[in-house]
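For the sequence shown, numbering that gives the first Met the number 0 begins at 0 and goes up steadily by one.
In what follows, a structure is listed as structure tokens, so that the remarks can point back to it.
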Amino acid sequence: MKKNEIVLFETNDKSKLLSVQMDGNTVWLSQAQMAELFDTTKQNVSLHANNCFKEGELDRNSVVKDFLTTATDGKQYKTKHYNLDVIISVGYRVKSKRGVEFRQ
0 MKKNEIVLFE
10 TNDKSKLLSV
20 QMDGNTVWLS
30 QAQMAELFDT
40 TKQNVSLHAN
50 NCFKEGELDR
60 NSVVKDFLTT
70 ATDGKQYKTK
80 HYNLDVIISV
90 GYRVKSKRGV
100 EFRQ
């Protein structure tokens, strides 16, 4: 994968298409994108991600990165993105149909 490459992820039932930010050898998603991926809320994603850090499973400084994103108002904002390690960890903690699909 190339740096800053955009990859599209499609669910098994073809109902969702998600644009994924690639940087080097990892994927980066915001909490909103993870919520969409796992069909859950941003609050639930935040809870599970923070538990990964509190429990010492992952080091926040190694797996979280700020990206500039453009909002609908045209302004750019810093948005925290989480790498594949966090995505996998959250995916194993989320209790949703999409979370189960992710684990399979």
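C-beta: ideal position from N, C-alpha, C; glycine also.
Alpha carbon of residue i to alpha carbon of residue j, nearest angstrom
| i | j | result |
| --- | --- | --- |
| Gln-20 | Arg-92 | 22 Å |
| Asp-12 | Asp-38 | 13 Å |
| Leu-17 | Thr-69 | 17 Å |
| Asp-22 | Phe-66 | 11 Å |
Whole-Å CB distance - residue i paired with residue j, under 8 Å assumed
| i | j | result |
| --- | --- | --- |
| Val-62 | Asp-84 | 5 Å |
| Leu-36 | Leu-46 | Contact doesn't hold; Cβ gap of about 16 Å is too wide. |
| Met-33 | Val-44 | 5 Å |
Own chain residues within Cβ distance below 8 Å of residue i, not counting five before or after
| i | result |
| --- | --- |
| Leu-57 | Cys-51, Asp-84, Val-85, Ser-88 |
| Arg-59 | Phe-52 |
Beta carbon of residue i nearer than 8 Å to that of residue j
| i | j | result |
| --- | --- | --- |
| Ala-48 | Tyr-76 | no |
Quick one: which unbroken alpha helix (DSSP H) runs of 4-plus residues sit fully inside the region 46-93? Chain order, please.
Those alpha helix (DSSP H) runs which fall completely within the region 46-93 and span 4+ residues are 59-62, 83-92.
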